[in-house]
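Quick notes on the structure that follows.
There are 2 protein chains.
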Amino acid sequence: MAEPVKLLLQTLSGHIGPRPPVWIMRQAGRYLPEYRKLRAGAPSFVEFCLNPAMASEATLQPIRRFDLDASIVFADILLIPHAMDRGLHFVSGEGPKLRPLVQGEDLSGLEKSWSLQKIDAVGETLERVRAELPDHVTLIGFAGAPWTVATYMVEGGGSKDKWQSRLWAWQNPQEFDQLLDILVHASIEYMAMQVEAGAEVLKLFESWSEGLPEPFFEHFIIGPAKKVVEGLRSRGITVPIIGFPRGCGMLAARYAKETGITAIALDQSQVGSWFNENLPKDMVVQGNLDPAVLRVGGEALRSETDRIIKGFAGRPHIFNLGHGITPDTPPEHVKMLVDLVQGK
Amino acid sequence: MAEPVKLLLQTLSGHIGPRPPVWIMRQAGRYLPEYRKLRAGAPSFVEFCLNPAMASEATLQPIRRFDLDASIVFADILLIPHAMDRGLHFVSGEGPKLRPLVQGEDLSGLEKSWSLQKIDAVGETLERVRAELPDHVTLIGFAGAPWTVATYMVEGGGSKDKWQSRLWAWQNPQEFDQLLDILVHASIEYMAMQVEAGAEVLKLFESWSEGLPEPFFEHFIIGPAKKVVEGLRSRGITVPIIGFPRGCGMLAARYAKETGITAIALDQSQVGSWFNENLPKDMVVQGNLDPAVLRVGGEALRSETDRIIKGFAGRPHIFNLGHGITPDTPPEHVKMLVDLVQGK
Chain A
674 MAEPVKLLLQ
684 TLSGHIGPRP
694 PVWIMRQAGR
704 YLPEYRKLRA
714 GAPSFVEFCL
724 NPAMASEATL
734 QPIRRFDLDA
744 SIVFADILLI
754 PHAMDRGLHF
764 VSGEGPKLRP
774 LVQGEDLSGL
784 EKSWSLQKID
794 AVGETLERVR
804 AELPDHVTLI
814 GFAGAPWTVA
824 TYMVEGGGSK
834 DKWQSRLWAW
844 QNPQEFDQLL
854 DILVHASIEY
864 MAMQVEAGAE
874 VLKLFESWSE
884 GLPEPFFEHF
894 IIGPAKKVVE
904 GLRSRGITVP
914 IIGFPRGCGM
924 LAARYAKETG
934 ITAIALDQSQ
944 VGSWFNENLP
954 KDMVVQGNLD
964 PAVLRVGGEA
974 LRSETDRIIK
984 GFAGRPHIFN
994 LGHGITPDTP
1004 PEHVKMLVDL
1014 VQGK
Chain B
674 MAEPVKLLLQ
684 TLSGHIGPRP
694 PVWIMRQAGR
704 YLPEYRKLRA
714 GAPSFVEFCL
724 NPAMASEATL
734 QPIRRFDLDA
744 SIVFADILLI
754 PHAMDRGLHF
764 VSGEGPKLRP
774 LVQGEDLSGL
784 EKSWSLQKID
794 AVGETLERVR
804 AELPDHVTLI
814 GFAGAPWTVA
824 TYMVEGGGSK
834 DKWQSRLWAW
844 QNPQEFDQLL
854 DILVHASIEY
864 MAMQVEAGAE
874 VLKLFESWSE
884 GLPEPFFEHF
894 IIGPAKKVVE
904 GLRSRGITVP
914 IIGFPRGCGM
924 LAARYAKETG
934 ITAIALDQSQ
944 VGSWFNENLP
954 KDMVVQGNLD
964 PAVLRVGGEA
974 LRSETDRIIK
984 GFAGRPHIFN
994 LGHGITPDTP
1004 PEHVKMLVDL
1014 VQGK
């Protein structure tokens, strides 16, 4: 029997099909009433992420509703610091909080605390999801990229300008490299485990790559991403890897060319025509609808979807948002988007 | 007697001198102890901005300490909504707050409330500063750009992702255009008044231009900036105009070419070599040291300053930060930076 066609994998292998595959960042999430109901049954967000029954159900919810081409495992980009005992918890309306890491702190403590076992429930989630996914849907695993995860660890949560992390990195790049290397190592182990559990594609989320000068970006973003990719490849892992350096402007070209990633995900400010001129013709791109347009729907959604598809024509392209879907988005707009991309 | 040489004006006229002129965004501000002392004597931040004795003193403080090539009038980018009676006030640790503007609200009320007289104290501040500035120091006036000011008015203050403003603009572009046009008109009046009062250069601060798709940026950022520039020119105002579309990535090239500005200010993520390839050779650039590097000082400050100057060599270049100086920066680092740029 022939293998079922997985459009996302085809596109990631460089094939240009009749239409782009489509999935949505944060497609399992609060905009879905069934998600909110499920989530209400868990004591904390971390426990929710690490409960394979709940997390697999959350992962599958959007797949039951919409004809999406990919499913991304429900988890959080901060599970690695959780597995380093950094006191990860979520404060309603404020987001994640962690015990801040300070300059001069003994970083070897992180390595000692780190244990993949603390988060291997994500593997079980992947196995459960994989067993239930329709044949044409590709399963994606992911991790936060080292710089982004480090900023949360240093700031003790989300922050406007990642000030302490930037100061630390400029002041003491050797020590900061050590921190990033610890995260690189953990990311490789964590992502390798996800592939073993059934992930067919990996994605590296560099959510905080805006506002950084080129030498900084080269050293603290491109460098660690390259190490993660090489580490995975040296373990014999061949699955496609999508990198998402959000907000990095024209530095995306260097990221795409130098990290070894298979595909680059673009935020909504990235300009299709520019990439067509500045990226190798066979580089796969993913993106990049403004989540505000998905929230608004209607004519704006129609024209922007069309513009984006045309903008990346002639290049392998995965349709997605430029950032995660927001909780206020009506699920019907997602249906409309998927239909638009599929030419229905 | 010959006119004194003003290096900033020379550079803005396209001349490449022996070194770039240098000034610092937010150079009058909380990092200076004498500023904090002065500010403590004012009942509110708005009253401080609109008190010519205090505001001119704040403007002049950094000029007395450092050999800067420009002085920017001490004011706030939200004085225009203040002059539209939007209830501007500043909450310590939170920043500006205003009465939020909602979709469907009668926008003509803004026009009726608007009166330049409510903020013409800024003109008196400029006159006082101009009278005291050393001959070689250029005086800069400024305003917030329409989109940026609109986001504060709609969100009721600063916000992470300008969500309500983006939704409004996508949902009802005609109405949003009307809002921006009101701000364009006010900005022209306000900036023209500043020139009359002695400003020799104008700067338009588009602080929130990151994360916007190209058609949005074109319509709501480039369009209004062009109208402001044309409006000033049609009044016979010929002073150089610096535009600062912060965080806009490769869209900076379109902004520089299409708005009619004299110079483009770049945030720290903008790459010098890219601009050399993508901007007309005579376009003046300003920037773009990471404020975190100024905070850190030492070798990082030395090497980054050197890299930036070399990166823009062969083009008229004004040295500045990529964003405002932060309150935790030691004033000695500013002295070090000015000396570095001046080759001392």
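Top to bottom, those sequences are chains A and B.
Every position in the first sequence, counted from 1, becomes a number in this note's numbering once 673 is added.
Every position in the second sequence, counted from 1, becomes a number in this note's numbering once 673 is added.
Beta carbons: idealized from backbone N, C-alpha and C, even for Gly.
Check                                                                                                                                 : Outcome
Continuous alpha helix (DSSP H) assignments of at least 4 residues falling wholly in the segment 883-914 of chain B                   : 887-890 and 896-907
Closer than 7 angstroms at the beta carbon, the chain B residues around A/Arg968                                                      : Leu840
The segment 973-989 of chain A in contact with the segment 701-712 of chain A per 3-pair CB rule at 8 angstroms                       : no
6 angstroms CB neighbourhood of A/Asp1023 in its chain, flanking five on each side removed                                            : Here chain A comprises residues numbered 674 to 1017, so residue 1023 of chain A is not present and cannot be evaluated.
Whole-Å CB distance - A/Leu812 paired with A/Arg803, under 8 angstroms assumed                                                        : 5 angstroms
Listed by chain order, chain B residues near A/Val944 by CB distance under 7 angstroms                                                : Glu887, Met923 and Leu924
Within chain A, the residues that B/Asp963 reaches when beta carbons sit closer than 9 angstroms                                      : Arg839, Trp843, Gly884, Leu885, Pro886 and Phe889
Those residues which DSSP pairs with B/Ile991 across a bridge                                                                         : B/Gln959
Span of the beta strand (DSSP E) around A/Gly768                                                                                      : Gly768 to Lys770
Top-ranked residue by Cα proximity to B/Pro989, from B/Leu1013, B/Leu962, B/Gly995 and B/Ala938                                       : B/Ala938
Helix, strand or coil at A/Ile792 [DSSP, three-state]                                                                                 : helix
Same chain, Cβ closer than 7 angstroms to A/Ser946, neighbours up to 5 away in sequence not counted                                   : Gly984
Strand pairing of B/Ser946, partner residues [DSSP]                                                                                   : According to DSSP, which records beta bridges pairwise, B/Ser946 is partnered with nothing at all.
Interface residues of chain B facing A/Asp940 [CB-CB closer than 8 angstroms]                                                         : Gly884
Beta-bridge pairing of B/Gly814 - partner residues as DSSP gives them                                                                 : B/Leu875
DSSP-derived helix/strand/coil call for A/Gly916                                                                                      : strand
Local conformation of A/His762 per DSSP, three classes                                                                                : strand
C-beta contact flag for A/Thr798 and A/Pro725 at 9 angstroms                                                                          : yes
Buried/exposed call for B/Thr911, threshold 16 Cβ in 10 Å                                                                             : exposed
B/Lys785 and B/Ala756 closer than 9 angstroms at C-beta                                                                               : no
Inter-stretch contact (C-beta, 8 angstroms, three-pair minimum) for the segment 894-906 of chain B and the segment 835-845 of chain B : no
Cβ neighbour criterion (16 or more within 10 Å) applied to A/Asp742                                                                   : buried
Among B/Leu875, B/Pro964, B/Val775 and B/Glu903, the one whose alpha carbon lies nearest that of B/Pro1004                            : B/Pro964
Interface residues of chain B facing A/Ala986 [CB-CB closer than 8 angstroms]                                                         : Going along chain B, no residue has its Cβ under 8 angstroms from A/Ala986, so there is no contact; the nearest lies around 16 angstroms.
Coil, strand or helix - A/Pro832 by DSSP                                                                                              : The question names Pro, but residue 832 of chain A is Ser in the sequence shown. Three-state result, A/Ser832: coil.
Cβ neighbours of B/Met1009 in the same chain (closer than 7 angstroms, five flanking residues each side left out)                     : Gly970 and Leu974
Selected residue, minimal CA-CA separation from B/Arg968, among B/His1006, B/Asp940 and B/Met826                                      : B/His1006
Neighbour list for A/Ala973 in chain B, Cβ cutoff strictly below 7 angstroms                                                          : Trp843
A/Ser860 - containing beta strand (DSSP E), residue span                                                                              : Counting along the chain, A/Ser860 falls outside any beta strand (DSSP E), though it belongs to the alpha helix (DSSP H) covering Pro846 to Glu869.
Interface residues of the segment 806-840 of chain B facing chain A [CB-CB below 8 angstroms]                                         : Lys833, Trp836, Arg839 and Leu840
CB contact below 9 angstroms: B/His784 versus chain A                                                                                 : Here residue 784 of chain B is Glu; the residue named in the question, His, does not match the sequence. Taking Cβ atoms only, chain A never reaches closer than 9 angstroms to B/Glu784, which makes this a no.
Reduced DSSP secondary structure (H/G/I, E/B, other) of A/Ser880                                                                      : coil
Within chain A, the residues that B/Arg980 reaches when beta carbons sit closer than 8 angstroms                                      : Pro888
Buried versus exposed, by CB contacts within 10 Å (16 or more), A/Lys954                                                              : exposed
Neighbourhood of B/Pro819 by C-beta, 6 angstroms cutoff - its chain only, sequence neighbours within 5 removed                        : Leu853, Leu856, Val857 and Pro897
Per DSSP, cross-strand counterpart(s) of A/Ile937                                                                                     : A/Gly916 and A/Val958
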